[in-house]
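K.L.:
Residue numbers (this note's numbering): 1 to 125.
Dropping the structure here:
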């Protein structure tokens with residue numbers, strides 16, 4: 001819970017942008033992400049909220065691309081399949097399943113790390 005409070009207080013543009021225009025673009029991007037996050041993690045989803053999430057996610061991606069040149073990590077090639085999923089699949093899966101917990105891969109992270117380590121050890125031999 002504490003992380004959420006800290007995230008809401010961060011204004012990333014203050015740290016990484018040299019001009020006011022850049023700062024506003026990055027701050028808008030962060031604000032849109034936080035709004036999207038809040039809606040997704042709420043448990044009250046209906047047809048209207050799914051449509052809102054869809055439009056908000058598309059708008060987030062557009063804002064993301066407007067930060068090309070401001071943030072070195074951002075370019076057209078950095079738009080990932082996850083962003084497509086966020087805009088076009090998440091809203092409607094929330095309608096069907098109420099939340100995204102069923103789709104979490106968190107339980108596979110540790111075994112995946114262990115398998116990678118074993119694989120790398122065998123590759124060295």
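Idealized CB from N, CA, C, for every residue including glycine.
To the nearest angstrom, how far is the alpha carbon of residue 53 from that of residue 113?
P.N.:
33 Å
K.L.:
Measuring CB atoms only, is the region 54-66 touching the region 85-98, in the sense that at least three cross pairs come out at less than 8 Å?
P.N.:
yes
K.L.:
Can you name the residues that DSSP bridges to residue 108?
P.N.:
Looking at the DSSP assignment, residue 108 forms no beta bridge with any residue, so it has no partner.
K.L.:
Whose C-beta lies closer than 8 Å to the C-beta of residue 63 among residues of the same chain, with five residues either side of it excluded?
P.N.:
25, 28, 29 and 32
K.L.:
At 4 residues or longer, and completely inside the region 66-125: list those alpha helix (DSSP H) runs for me, N to C.
P.N.:
81-88, 90-97 and 106-124
K.L.:
Just to check my reading of the structure: residue 67 and residue 74 have Cβ atoms closer than 8 Å, yes? What is that Cβ distance to the nearest angstrom?
P.N.:
Residue 74 and residue 67 do touch by the CB rule: their CB atoms are close to 5 Å apart, below 8 Å.
K.L.:
Going by C-alpha to C-alpha distance, which of 76, 94 and 104 sits closest to residue 49?
P.N.:
Comparing Cα positions, the closest option is 94.
K.L.:
If the criterion is Cβ atoms closer than 8 Å, does the pair residue 70 and residue 35 meet it?
P.N.:
no
K.L.:
With burial defined as no fewer than 16 other Cβ atoms inside 10 Å of the residue's Cβ, what is the status of residue 97: buried or exposed?
P.N.:
exposed
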